[in-house]
């Protein structure tokens, strides 16, 4: 019985749909950290190069918020 | 990129106690190995286009498990902000310096910087100088003003000494300075908005950047239309690292 339950759970996990990628915006966007703002407003200041960010984290002792994001969508640039 | 989690005022404020790194996936062979560790781990498989995690200051320990994006981990932006505050509180007494940040958070190339600026809907700032020492001096000057809360996160930066890197920006590449560029919708070309002279004072540089940010008109995009237009016009981005081909699981036989 226990084995059957485990098998069923595994089967359920395997058949659950997993998002292939984050959902694209449903409406128009101005992009970036503050996508709804027509104006340029204060946002997150991102290091774009790993080594530069690591050097700053080492210098300051601050933890690291790391994101990787492809600067193209289906091969088309200008859209995350 | 998640379009709502990273917009909240509380969240943006909370990120100031972190070093925020956003690498461009598939754009650097050396970074790819680290990203593989951070976002794929020992499970095998390919590096996906998005990933999110929190790391210790030495970059060796994951403080939160890696996910495809913050929305896979938190209910909303405020929940993420609360978690960031909780994490940073553990490090607040351990910061190793009070010296102001002397670096500029740059992209690895002008080409990538203009594309990312377009993705973000932000102006691109390119430091252009005739040699490395001039670029270093300009970046030093820039670093003194860009971390001000009035300017933080408002530009995407890059540097070059090679005028050929600016061939997609008519009028740029002839004169040293801090160039403010408006990327086109696809981030392939740019329009030179302003050249800030290397001779300006820090305050003049700050005011020039503030004016550029405040007068900038962001381009509105719609995801599906943008991609369709790009494909129709053959506007395709060439990545440095090949994007893995994702195979769909075979349909189960009935």
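Residue numbers (the working numbering), protein chains in the order written: chain B, 88 to 167; chain P, 8 to 261. Glycine included, C-beta positions come from ideal geometry on N, C-alpha and C.
Amino acids of chain B, ordered along the chain, whose beta-carbon sits closer than 7 Å to that of residue i
i             : result
residue 115/P : 135, 136
residue 238/P : 163
residue 228/P : 115, 116, 118, 166
residue 50/P  : Within chain B, no residue comes near residue 50/P; the closest Cβ sits about 13 Å away, beyond 7 Å.
residue 184/P : Result: empty, since nearest Cβ-Cβ is about 20 Å, beyond 7 Å.
6 Å Cβ shell around residue i - same chain, five flanking residues per side excluded
i             : result
residue 204/P : 184
residue 17/P  : 85, 88
residue 124/P : 131, 163, 190
residue 158/B : none
residue 151/B : 144
residue 24/P  : 95
residue 59/P  : 74, 76, 77
For residue i: DSSP bridge partner residues
i             : result
residue 58/P  : 155/B
residue 115/B : 229/P
residue 98/P  : BP columns for residue 98/P are empty, so no partner.
residue 134/B : 28/P
residue 113/P : 164/P
residue 163/B : 160/B
residue 131/P : 163/P, 188/P
residue 72/P  : Answer is none; residue 72/P lacks a bridge partner.
N-terminal and C-terminal residue of the beta strand (DSSP E) that residue i is part of
i             : result
residue 197/P : 197 to 203
residue 164/P : 163 to 167
residue 31/P  : 26 to 31
residue 186/P : 184 to 190
residue 173/P : That residue, residue 173/P, is in no beta strand (DSSP E); it is neither H nor E in DSSP.
Beta-carbon contacts of residue i that lie in its chain and below 7 Å, excluding the five residues immediately before and after
i             : result
residue 63/P  : 70
residue 145/P : 134, 136, 185, 205
residue 228/P : 192
residue 108/B : Here residue 108/B scores only 48 on pLDDT, less than 50, and its place in the model is too uncertain to base an answer on.
residue 239/P : none
residue 246/P : 33, 34
Residue i: contacting residues in chain B (beta-carbon distance under 8 Å)
i             : result
residue 150/P : Result: empty, since nearest Cβ-Cβ is about 11 Å, beyond 8 Å.
residue 244/P : 158, 159, 162, 163, 164
residue 122/P : 158, 159, 164, 165
residue 61/P  : 150, 151, 152, 153
residue 119/P : 135, 158
residue 64/P  : 144, 145, 147, 148, 149, 150, 151
Boundaries of the alpha helix (DSSP H) in which residue i is found, first to last residue
i             : result
residue 41/P  : 36 to 46
residue 104/P : Note, residue 104/P: premise wrong, no alpha helix (DSSP H); not H, not E.
residue 17/P  : 16 to 22
residue 246/P : It is not in any alpha helix (DSSP H) - residue 246/P carries neither H nor E in the DSSP assignment.
residue 219/P : 209 to 221
residue 147/P : 139 to 150
Interface partners of residue i on chain B, CB under 9 Å
i             : result
residue 225/P : 117, 118, 119, 124, 125, 126, 127
residue 112/P : 132, 133, 134, 135, 136, 139, 140, 143
residue 70/P  : 150, 151
residue 58/P  : 153, 154, 155, 156
residue 74/P  : Per Cβ cutoff of 9 Å: no residues; residue 74/P is ~10 Å from chain B at best.
Cut-off 8 Å between Cβ atoms - residues of its own chain near residue i, not counting five sequence neighbours on either side
i             : result
residue 124/B : 117
residue 12/P  : 18, 76, 77, 78, 81, 83, 84, 87
residue 217/P : 157, 158
residue 118/P : 172, 175
Near-chain B residues of the stretch 154 to 170 of chain P - C-beta to any C-beta below 9 Å: For the stretch 154 to 170 of chain P, which is checked against every Cβ of chain B, the residues closer than 9 Å are 154, 156, 157, 158, 159, 160, 161, 162, 163, 164, 165.
Pull out every residue of the stretch 24 to 42 of chain P whose Cβ sits closer than 9 Å to any Cβ of chain B, in chain order. 24, 25, 26, 27, 28, 29, 30, 31, 32, 33, 34, 35, 37, 38, 41, 42
Please list the residues of the stretch 124 to 138 of chain P that have a C-beta atom closer than 8 Å to any C-beta atom in chain B, keeping them in chain order. 125, 126, 127, 128, 129, 130
Select from the stretch 191 to 210 of chain P all residues with a C-beta closer than 9 Å to any C-beta belonging to chain B, and list them in chain order. 191, 192, 193, 194, 195
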